[in-house]
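*Asks:*
Residue numbers (our numbering): -3 to 249.
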């Protein structure tokens, strides 16, 4: 009987110790907190757990209510960054979003506080939590809204685009018309002074040097010679005539 009683007691103790593990369950985020940004909730930036919160980040504090809910084991939260949905897990030291659990302390400590830092302006879309007990849901206790950085990069592209007109210097390449100096090469046409070759007429005078101012001199010589020739021819004809007459005369003795 003693052995049987001892065995029953040991089995009951084992079941009691194992009960919390069997009691683990999954609950969702309070429906009223879906689709809300950090600015919607109570602002409590003096929370000492937000001491290292960057100015451009939102601080979130989630809490697990109820005595039978046990502790947070994991949280899965979905945010919208304005373009895409982003899933964040707590705990997760591998991502870019700082997070941690915070315990109540005391004789029966419970891990019912969860903190998370996200870029400012993100919207909490949905969430779920695995807990060691049972419960209905968890909720946002308070937040610390950060400052959304202004999109300063937008003006810079407009400035970079301005250089396009500066490319107008290509217009300065219009110097192509300045190639009109080729027209200045028209002076080659001015070399038409080839008319100066008309000075060749001056060469004609050289040919006419035979009939230039020297003509009177050569003209006198030719005239004299011509008259002399005529005189000689005339004399010759006269002599021939006389001779023929003599040949016709018959002398008688």
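Cβ atoms here follow ideal geometry from the backbone N, Cα and C, with glycine treated the same way.
Restricting to Cα atoms, I'd like to know which of 148, 127, 94 is closest to residue 63.
*Replies:* The candidate whose alpha carbon is nearest that of residue 63 is 127.
*Asks:* Apart from the five residues just before and just after residue 132, which ones in its own chain have a Cβ nearer than 7 Å to its Cβ?
*Replies:* Here the set comprises 23.
*Asks:* Taking the alpha carbon of residue 100 as the reference point, which residue from 81, 50, 109, 94 has its own alpha carbon closest?
*Replies:* Comparing Cα positions, the closest option is 109.
*Asks:* From which residue to which residue does the beta strand (DSSP E) around residue 70 run?
*Replies:* 68 to 76 is the span of the beta strand (DSSP E), which, as asked, contains residue 70.
*Asks:* Please return the same chain residues whose Cβ sits closer than 6 Å to the Cβ of residue 117, not counting the five positions on each side in sequence.
*Replies:* These residues qualify, in order along the chain: 144.
*Asks:* Could you spell out where the beta strand (DSSP E) holding residue 136 opens and where it closes?
*Replies:* It spans 133 to 140 - the beta strand (DSSP E) in which residue 136 sits, taken as one unbroken run.
*Asks:* What residue range does the beta strand (DSSP E) around residue 87 cover?
*Replies:* It is not in any beta strand (DSSP E) - residue 87 carries neither H nor E in the DSSP assignment.
*Asks:* If you pair each beta-carbon of the stretch 51 to 66 with each one of the stretch 134 to 143, do three or more pairs fall below 8 Å?
*Replies:* Yes, the stretch 51 to 66 is in contact with the stretch 134 to 143.
*Asks:* Is residue 75 near residue 114, with beta carbons less than 9 Å apart?
*Replies:* The answer is yes: Cβ separation under 9 Å.
*Asks:* If I follow the unbroken beta strand (DSSP E) through residue 115, where does it start and stop?
*Replies:* Its beta strand (DSSP E) spans residues 109 to 115.
*Asks:* Among 224, 135, 129, 94, whose alpha-carbon lies nearest the alpha-carbon of residue 47?
*Replies:* That would be 94, whose Cα lies nearest to the Cα of residue 47.
*Asks:* In whole angstroms, what separates the C-alpha of residue 102 from that of residue 146?
*Replies:* The alpha-carbon atoms of residue 102 and residue 146 are separated by roughly 45 Å.
*Asks:* For residue 65, which residues in the same chain have their Cβ closer than 6 Å to its Cβ, ignoring the five residues on either side in sequence?
*Replies:* Correct list, in chain order: 127, 129, 131.
*Asks:* Exposed or buried, residue 228, counting other C-beta atoms within 10 Å across all chains shown (16 or more means buried)?
*Replies:* Classification of residue 228: exposed, given that the 10 Å Cβ count is below 16.
*Asks:* Roughly how many whole angstroms lie between the Cα atoms of residue 51 and residue 34?
*Replies:* The straight-line gap from Cα to Cα measures roughly 13 Å.
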